[in-house]
Structure formats: C-alpha cells, structure tokens
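2 protein chains.
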Amino acid sequence: MKHIINPPISEWASLCKRPILPNEYLEEKVINIINKVQMDGDKALKEFALAFDKVSLIDLQVSAVEIDIATNEVTAELKEAISIAAHNIRTFHLGQKENELIVETIPGVTCWRKSVAIANVGLYIPGGSAPLFSTILMLAIPAQIAGCKRISLCTPTDKNGNIHASILYTASFLGITEIYKVGGAQAIAALAYGTQSIAKVDKIFGPGNQYVTKSKELVQKNGIAIDLPAGPSEVLVIADKNADASFIASDLLSQAEHGADSQVVFLTDDQTLVEKVKLNLLKQLKKIPRADIAEKALANSFSIAFNSLQECLDFSNLYAPEHLILAIKESEKYVDKIENAGSVFLGNYSCESAGDYASGTNHTLPTNGYARSYSGVSLDSFIKKITFQKITEDGLKNIGKTIEVMAEAEQLMAHKNAVTIRLKKLSDEQ
Amino acid sequence: MKHIINPPISEWASLCKRPILPNEYLEEKVINIINKVQMDGDKALKEFALAFDKVSLIDLQVSAVEIDIATNEVTAELKEAISIAAHNIRTFHLGQKENELIVETIPGVTCWRKSVAIANVGLYIPGGSAPLFSTILMLAIPAQIAGCKRISLCTPTDKNGNIHASILYTASFLGITEIYKVGGAQAIAALAYGTQSIAKVDKIFGPGNQYVTKSKELVQKNGIAIDLPAGPSEVLVIADKNADASFIASDLLSQAEHGADSQVVFLTDDQTLVEKVKLNLLKQLKKIPRADIAEKALANSFSIAFNSLQECLDFSNLYAPEHLILAIKESEKYVDKIENAGSVFLGNYSCESAGDYASGTNHTLPTNGYARSYSGVSLDSFIKKITFQKITEDGLKNIGKTIEVMAEAEQLMAHKNAVTIRLKKLSDEQ
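So the protein lines, in turn, are chains R and S. So that you can map any letter, position 360 of the first sequence is 359 in numbering that gives the first Met the number 0, and since no number is skipped, the others follow by simple counting. So that you can map any letter, position 408 of the second sequence is 407 in numbering that gives the first Met the number 0, and since no number is skipped, the others follow by simple counting.
Okay, structure coming up:
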C-alpha cells in the first residue's frame, strides 16, 4: 500500500483512476460467445460448460431433488443467519415503496406516476472463488417486493456439475425455483436473448468476472437493460484520531480479499494513524485464508495523509467510492458533505461487512467512479414508473392555446392540430 | 397504414418489431467521430461543423449578445406559452421529490437513502428539422429541481452558424447560459470526454438522429451515463366506439410527422371505426406541412381490429408503446391493466401533444419497446440515491453473529474478522 502525504490537487484526478487488469481480445471473445448462444441456444450453453468448466450437463435447470439435497446440507446456524438478513433487507427495501402523488398542474389537468414491476428479471450469481449467496438476497428480495412475475437465476456449477448448497438453499428459501446451471458470458447471453430452456428476460442483474461484465455491457448496447455498469469492488475509509487502527485494517482487508483488482483507499488527517494501520494490516493479513489475493489488491492501493478532514472529504467526492466508511468523531455531521458514494458507513461500529450481508441496505453498488451518476440497486431497479394524465374538456381549454403556440413554433403543425380539432369541437358544441 | 383483423397471438411478436432504417457503417462512422473529438478536442468540433454543416465557427460557446438578440426575436405569445408550460412541468416534477425515510431494521441499526444531485449534466437539443426548444424545458427543469451544479447544452447551428431563437430564449429563460454550437455525434463525444471549451459531464440527456443515438450508446459502453436508449418516436391508440375518429387521426398524425421512421399503431374493438379514421387521416394529411414525412411513417404503421378491448390492451402491453392513448369510455378503469408504456393519456381530451408540451409530464420517454424495463426521464434521472447506515455498539451486537456466519459461509474470512475484532473489543471493555 503506497503512502502519500498531502498530494497537490493537480494530482488528485490521476490518483482517482482505478487499476485495470488487462485482458486482450476480451470483447472479441465475448462477442463470439454471445453469437454462439444466439445461434445454437441450449446446445451452445452445454458446449461452453464442457469447454470452460469440464462439466457435461444433461439438464440446464436445477431439479427439485437437487434443491432438497442442498436444503439438508445447509446448517441450521446459516439458515437462521439468512433468515435474519432477509428480514432486514426486506424491511429496508419495503420502505422504498412510493405513494402515488396525483398532481393537478392546472385546473382540469391531472398527472401522476404509477410504479409497475418489470415483468421478467434475470439474476446472475457468481459461484467461482466464493459462493455469493448473499447477492441472491440483495436482488431477489427487492424484485419480489416490486412484484416481478418471473425471477430466473443463472449460476455456474463446480467441476462436478453441482451448485453450492448455500446458493440453492437461499434461492429456494425465497421461493425461486427457476435456477439454471449456466455461468459466465454465456449466461448473460441466454438471459438476454433466450434459449430453448431459458426464456429471455427484460433486465439482467448481478455481479461477475470480466467476461460477465463485458457480456452485460454488450447486451445493454443492444437494448437489454442491466442493473449497473460494473468494475472491481472498492472501499475508501476516512479516519481521524478517534478511530481504531485495528478496525480500519480489518475493513481495508475485508475489501481487499474480494479480488486482486479490488482497491482500498485510506485517508486521514492524523499522520500517526498511518503507521498503526500498516502494522495492523500486516498482523491481520497473516490470519486470513485469502491473504494472497488481499496482498495483490493492497499493492494497487494507497493511503493519503491530508492536513484536514475537509480535504479527505473533497478527495473522496472526486474518487466517488463504492463504499465509504467515515471512522470519524460525530460522523453524522458530515453526511451533507458526501456528494458521490455508493453506500456510506458512519462511525467505528458501522463496518462494511454489515452492509454486505445483513444491515438491510443493498450491496449491489456503483464501482469505478460510477457513483458520480448511478445509484446502487434498490426497489427502483425493479420497477418502471409509468406517467398517466387525464385532461378534461375544461383542462384542454386551459392549456390548449399554450400547446398550439409551442407546437407551431416547433413547426409541428399536426401536433397543433390535435388540439385545434378538439377545441373546435368544444366550441361547436356550445 | 396496413389494416389487420384479429391476428393470431403467434403473430403478435413480429407485429411488435419496430421498423429499422438501415444505415451501413453507422457504428464505424461514429467511432471515428468520437476518436477524433477525444484526440483533437475543439479543433475536431470546428472541422466537423465545417464538413457536415458548412459552417465556420470561431467560438463554440454562444455569447450573451446572441442570447439577447434571440430574446428580442421571440414573440410575447411564445414567451407566455413557454412560461405556462414551464410552470406545469415544474409543478409535476416538484412532486417527485422524496422524503428521506430512516428505517431501523433491527435495534441499533439505522439505514436511509439520501437523494444527491448528479453534479454535471449535459443536454443535447436537436435543431435539425424542427427546433425542439420544448425538450430544454423537459430536461433542464428537473435538473434544476434536483440541484445539478452545472447544466451544459449542445445544439447544432443552421447553415449561417446561428441557433434558433426559441432554443436560445428557452435556455436563457431557465438561466442556462452554457450553450455550445455543436451538434451530432461529436456533441455527445465532447460532453462525454470534454474538450478545451467544453468540460466533461457525468450524464448526457436528450434526443437526436441515428448518429447522436449511436454516439450515446457507445459512450455509455465506456461508462458515461445516459438518460435512455433511444429509438424512433411512436404512439399506440386504443379506441372504442365512443371515440372520435377525427381526434384519433389527429393523434396518429401528430406522431407520424416526427420522422419517416416513426410508427403509429391504432387498435380498436370497433371495426367501423377503422374506415372512419382512415378517411380522417387522408383529409387531415392534406393540411399539414410535414405530410411527406407523415406519409412515410404511415407506410410503416398499422391498425388492428380485435374482438375485445382486453385483446387491445394485451397487444399494447406486448408492444410497450412510448405513448399510449386510451380513447375509451371510462378509461380510468383500465389504468391497472397497463403493464408496459412510457406515458398514458386517458380519454378523448388527453391528446399526446399536451404531454409533449405543457401538461407537466415529461416527454423524454422509452421508445422501441424499452418501456418494458425503462421509465421516462423524471427527477430521478438527475439524482443518485446514496445509502447511509449507522450501527451502534448494541446494533453490532445484535447483527454481528449473522454477519460472521454468512461471511464464513461465503469463505470471506476478512469480512468476518471486521465484525469479530469489533465484538471482541466490546466484550473486552465490559
């Protein structure tokens, strides 16, 4: 972890650039996969499973028997934890429901928006280096609150053709049974365009590796909606002298263990904290199984000592972190200074893992600086808001002239005529 | 306009496919334009203005003098109309502000979302075949309600290097003075990546031709946020025997005059209405200046007579129209049957032009079937919702175990440790 002291503002923008893992011909490779799925459907999916995962699949869809077996394998302790996390996530996302507000903009002209669920959604759950069953909770619970009619889930198998029990259990706990043994770029293509077994969806959600991400990017270009543009996960911690160096180190490591391309950033106005955090990182690194991954991520990461907390906050707003931890005294006072971030954790006991799993907030968040313009996944991600308007005869009399004048000025006379012809009928009737 | 009677459901999907105007090498052309703007900045913009529009520009930014001249040119009548429309649009979009809801998901764990404006937004306003000043109202008013810090506007000039007075006046009426004489794919590239004169923005809004649309699609692939994927404008009218054939014809034409690639669809359960609408179309076509454009659009369009209103609604939900007019008796009764549409107009006097200009709803809407998964532009389009959470010491005691169990099951031990280390400190302190 590189340490920088008071960098001049002119250097901030380049510090905010995220590390990129090169992958030559990634786009060409993914385009080929998508084309093959569009052409050959299920056959292509089975061929890719054999080629990439060395698995020979007969059925793509998970059977009820497989779900039963998984349910028996998951411990009571984990079942209890999943149930508590689901409760909190449901509670928070239920609060995102909006009431319809009917607005009469001018007498006789009423307008409102109605939230309607996106009918068919597809969830991608990675199963590679860690079985991310928590992501099922984060995506399926708001989808169910929204009222999506169909929730399809794709996830890769292990070398034996099995899906991790915790993934199958979590899906089935939520009542999701449409689960397919398909991973990678080909899963995204199947959800986007449909195959014999997998019906196409209207929107695709979920994280993944570079192939999955590129595949989502390419199908979006063809008009398929996706949750968010994606990049490696990241955390930025701002701490003052009241923070606990061992807590900070644990938060940095919990992000660093995600992947070699993750980035962690530590900002402080207290120079002495930097050395303490460094020592704690070394100490804690020894104890975690994914230390090799975390070390690679730390090599791409940095800490900065600034003169003031204000500079820390300014830098953070420019960086636009996915996760932002404010380990500072009276952290609530700084809420209004946060301009760009995915999810913010206030104080010494609001650790990022809490939001990753169980506090109730969503963990699908904008990375790579996208927090400047994107929100994380929420109930909003699973609905469309359709506008409605009802104009009475009097209402049209009230705004008719305005429409006619504007349409004429835009040289759109048929637009004008749609009003004129109605106003004429109303005046003829009088 | 092709007329179809009771098509079998098996044919519905192909009827819902939108006409596509072929444009060979469009993507390659636009990639070249974007690359040149990224490389040469302002110089490229001026070269494109000369090559495409035969205009030699000295300054890209519109001057205060030009705005003053435009303000004098616009009639008092149009100024009044713009003011009324702005009032209605502001009233409707102000109603979209959300209150922060603080949710305690479990004792000691509080979570909420805060709406924060996207700092820098870029608006593209076409100036080609019609000066669409109304789009400035639709985009800039919600941007101002959201609190965006900077609103930049790009619009092409005419052959004399001038921007239409109504565009300059509307922008200046709203207090927008950062206006650039740049059109086409190159304007999108300038807003996305910045040039010497034009600072880059965080999100790009606005309609345009195929080049503009393709350019937005390509910069989005590189992580620049855009409002909506775009396609030609469209309307679907559902009418029963209580509808007025002349009104329906006027609504169909007001959509058809937008462009040769626009599509209009007319559905009814009353066969006799079809002929009446056809006669009214012929009659009204003769009177509109853009009849040649409207005729081309009508050639790509169709009407269907179904046996029931329910089938009309089912077809409409599959088509997912940008604009949907329900010219049926007691139209409010059908609101809950609408699953996919951008904006819905209820009854005989709610004409689409009203929503295009002045009723208050936004006219930037999902086309091309995107209404299945996208909402139109609203206040939401100009904000991010940042999640916050505050976990107290007791809160962490309440959910700590849950997090530890889940993190361990996902094999992310550093995530677990961030909790363990805190719980240990709390128990040591007791």
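Ideal Cβ positions, reconstructed from N, Cα and C, are used throughout, including at glycine.
Exercise. Can you find a CB in chain R that lies within less than 8 Å of the CB of D250/S?
Worked result: yes
For this session: Report yes if the C-beta distance between G121/R and I162/R is below 8 Å; otherwise report no.
Result: no
Problem set entry | Boundaries (first-last residue) of the alpha helix (DSSP H) holding Y179/R | It is not in any alpha helix (DSSP H) - Y179/R instead sits in the beta strand (DSSP E) that spans I178 to K180.
For this session: Would you verify that the beta carbon of S374/R is, or is not, closer than 8 Å to some beta carbon of chain S?
Result: yes
Exercise. In three-state terms, what does DSSP make of Q410/S?
Worked result: coil
Problem set entry | Min CB distance T212/R to chain S below 8 Å | No, because no Cβ of chain S sits closer than 8 Å to the Cβ of T212/R.
Problem set entry | Close-in-space but distant-in-sequence residues of the same chain around A319/R (CB under 6 Å, 5 per side omitted) | N339, G368, A370 and R371
Problem set entry | beta strand (DSSP E) segments (min. 3 residues) lying fully within the region 210-298 of chain S | 233-238 and 262-267
Problem set entry | C-beta contact flag for F344/S and Q388/R at 8 Å | Contact: yes.
Exercise. Taking the alpha-carbon positions, what's the D39/R to A293/S distance?
Worked result: 41 Å
Problem set entry | Rounded Cβ spacing between D239/S and I327/S (contact assumed at less than 8 Å) | 4 Å
For this session: Compute the Euclidean distance between the alpha carbons of T401/S and I101/R, then round it to the nearest angstrom.
Result: 42 Å
Exercise. Tell me, which residues are paired with W111/S by DSSP?
Worked result: F387/S
For this session: Would you mind working out which of S302/S, V73/S, N397/S and A242/S sits nearest Q262/S, comparing C-alpha positions?
Result: S302/S
Exercise. Which residues mark the beginning and the end of the beta strand (DSSP E) in which G40/R is found?
Worked result: Run containing G40/R: none; DSSP gives neither H nor E here.
Problem set entry | Closest residue to L272/R among K295/R, K286/R and I237/R (Cα-Cα distance) | I237/R
Exercise. Hey, T156/R and I166/R: beta-carbon distance below 8 Å or not?
Worked result: Contact annotation: T156/R and I166/R have beta-carbon atoms that are not nearer than 8 Å.
Exercise. Beta carbon of K383/R, beta carbon of I144/R: below 8 Å?
Worked result: no
Problem set entry | C-alpha distance - L77/R paired with M405/S, whole-angstrom precision | 7 Å
For this session: Say whether chain S places a C-beta atom closer than 8 Å to the C-beta of D355/R.
Result: yes
Exercise. Would you call the region 173-183 of chain R and the region 413-428 of chain R in contact, with 3 or more CB pairs under 8 Å?
Worked result: no
For this session: May I ask you to list, following chain order, the residues of the region 283-306 of chain R that have a beta carbon less than 8 Å from some beta carbon of chain S?
Result: Q283, K286, I287, P288, R289 and A293
Problem set entry | Backbone CA spacing between E310/R and V234/R [nearest angstrom] | Rounded to whole angstroms, E310/R to V234/R spans 17 Å at the Cα level.
Problem set entry | N-terminal and C-terminal residue of the beta strand (DSSP E) that A326/R is part of | H322 to A326
For this session: Go ahead and pull the three-state DSSP assignment for C153/S.
Result: strand
Exercise. Interface residues of chain R around D201/S at Cβ under 8 Å?
Worked result: R371 and S372
For this session: Give the residues from the region 222-244 of chain R that approach chain S closer than 9 Å (Cβ to any Cβ), ordered along the chain.
Result: If the cut-off is 9 Å between Cβ atoms, the region 222-244 of chain R has G222, I223, A224, P228, G230 and D243 near chain S.
Problem set entry | Contact set between the region 400-422 of chain S and chain R, restricted to residues whose Cβ is under 9 Å from the partner | K400, T401, I402, E403, V404, M405, A406, E407, A408, E409, Q410, L411, M412, A413, H414, K415, N416, A417, V418, T419, I420 and R421
Exercise. Once you ignore the five residues that flank S330/S on each side, which residues in its own chain have a CB closer than 6 Å to its CB?
Worked result: L345 and G346
Exercise. Looking at C-alpha atoms only, which residue of K332/S, E428/S, K53/S and L136/S is the closest neighbour of N87/S?
Worked result: L136/S
Exercise. What residues from chain S crowd round C350/R, counting only those whose CB sits closer than 7 Å?
Worked result: The answer, in chain order, is A417, V418 and R421.
Exercise. Taking just the CA atoms, how far does L281/R sit from S380/R?
Worked result: Roughly 40 Å between the two C-alpha positions.
Exercise. What does H362/R pair with, by DSSP beta-bridge criteria?
Worked result: Beta-bridge pairing links H362/R to no other residue.
Problem set entry | Cβ-based neighbour list, V54/S, same chain, cut-off 6 Å, excluding 5 preceding and 5 following | A48, T156 and G160
Problem set entry | Cutoff 8 Å; reference N22/R; Cβ partners in own chain excluding five residues on either side | Q209
Exercise. In whole angstroms, what is the alpha-carbon distance linking I83/R and A69/R?
Worked result: 19 Å
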